[in-house]
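A.B. asks: Mapping the sequence shown onto the working numbering, position 101 (from 1) lands on 173, and the numbers just tick up by one.
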Amino acid sequence: MRCSKRHRAPLRGDDGGVVVFVAICTVALLGLIGIILEGGGKMRATERADAVAMEAARAGGQALDPAGAVTGTGVRADPAAATAAAYAYLSSAGVSGQVSASADGRKLTVTVNDTYVTKILPVVGIGSMSVTGHGTATLLHGVTQPE
């Protein structure tokens, strides 16, 4: 039995179509993986900035005004010492930020500014992302409940 060449139709219309489809899907998948990884990294950096801000506020809140605390006339933080302690903590953590103390010396607010260095996004020109963290410490005292 012989097959004639006339009966076979050439199938050349979609040569390489699968290769193009796979290339497009691969690029899209790599982009999606990059966005997920960088989003997670930025979220971790933001959580770290929040934690550092909270710890700096806590460190500053421990700088009590000794005159009022010893005599019992009022427990309040020394605003200058609290701000200095918070800035010292930020410096030891290797971040920058702003510290503000309330006028009555009972609340200290810290804002941390840091940068997350991207791992995959430099391919598209995004080398870093800024992150911000916030923390507040309120000075409370009392034996059975805050006064």
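Yeah, the Cβ is synthetic: ideal placement off N, Cα and C, and Gly gets one too.
In the region 139-193, which residue ranges form an unbroken beta strand (DSSP E) of at least 3 residues, counting only runs that do not cross its ends?
C.D. replies: You should have 168-173 and 179-189.
A.B. asks: Rounded to whole angstroms, what's the CA-CA distance from ALA153 to ALA121? Just pull it up for me.
C.D. replies: On the sequence shown, residue 153 is found 81 positions in, with the first residue counted as 1. On the sequence shown, residue 121 is found 49 positions in, with the first residue counted as 1. ALA153 and ALA121: Cα-Cα distance of roughly 22 angstroms.
A.B. asks: For the beta strand (DSSP E) that GLY205 lies in, which residues bound it at each end?
C.D. replies: Translated into positions along the sequence shown, residue 205 becomes position 133. Counting along the chain, the beta strand (DSSP E) containing GLY205 begins and ends at 200-210.
A.B. asks: Taking LEU212 as the reference, give the member of LEU102, ARG148 and LYS114 with the closest Cα.
C.D. replies: Looking up residue 212 in the sequence shown gives position 140. Residue ARG148 holds the alpha-carbon nearest to the alpha-carbon of LEU212 among LEU102, ARG148 and LYS114.
A.B. asks: Just mark GLY166 as buried or exposed, buried being the case when its beta carbon has 16 or more other beta carbons within 10 Å.
C.D. replies: In the sequence shown, residue 166 corresponds to position 94, counting from 1. Residue environment: GLY166 is assigned as exposed (fewer than 16 neighbouring CB atoms within 10 Å of its CB, all protein chains considered).
A.B. asks: Quick one: residues in its chain with C-beta nearer than 6 angstroms to the C-beta of ALA173, no 5 flanking neighbours on either side, listed in chain order?
C.D. replies: By one-based count along the sequence shown, residue 173 stands at place 101. Cβ neighbours of ALA173 beyond the five flanking positions: PRO151, ALA154, THR155 and LEU180.
A.B. asks: Any contact between the region 104-119 and the region 189-208? By contact I mean 3 or more CB pairs, one from each, below 8 angstroms.
C.D. replies: yes
A.B. asks: Express the C-alpha separation of ALA160 and ALA128 in angstroms, rounding to a whole number.
C.D. replies: For the purposes of this step, residue 128 is taken as residue 56 along the sequence shown, with counting starting at 1. For the purposes of this step, residue 160 is taken as residue 88 along the sequence shown, with counting starting at 1. Taking the straight line joining both Cα atoms gives about 8 angstroms.
A.B. asks: Taking the alpha helix (DSSP H) that VAL124 belongs to, which residues open and close that run?
C.D. replies: For this step, residue 124 is matched to residue 52 along the sequence shown. Run containing VAL124: 89-133, per the alpha helix (DSSP H) assignment.
A.B. asks: What does the alpha-carbon distance come out to for the pair LEU109 and ASP176?
C.D. replies: Position 37 of the sequence shown, counting from 1, holds the residue named residue 109. Position 104 of the sequence shown, counting from 1, holds the residue named residue 176. If you take the alpha carbons of LEU109 and ASP176, they lie about 44 angstroms apart.
A.B. asks: Do you know offhand how far ALA123's Cα is from ARG130's?
C.D. replies: Your numbering for residue 123 matches position 51 in the sequence shown. Your numbering for residue 130 matches position 58 in the sequence shown. Going by the C-alpha atoms only, they are around 10 angstroms apart.
A.B. asks: Within a Cβ cutoff of 7 angstroms, which residues of the same chain sit near PHE93, ignoring the five residues on either side of it in sequence?
C.D. replies: Looking up residue 93 in the sequence shown gives position 21. Within the same chain, PHE93 has no close Cβ partners at all.
A.B. asks: For VAL171 and GLN134, I'd like the C-alpha separation in whole angstroms.
C.D. replies: In the sequence shown, residue 171 corresponds to position 99, counting from 1. In the sequence shown, residue 134 corresponds to position 62, counting from 1. The straight-line gap from Cα to Cα measures roughly 14 angstroms.
A.B. asks: Relative to the C-alpha of LEU162, which residue among GLY197, ALA125, VAL189 and THR190 is closest?
C.D. replies: Taking the sequence shown and counting its residues from 1, one reaches residue 162 at position 90. Minimum Cα distance to LEU162 is reached at ALA125.
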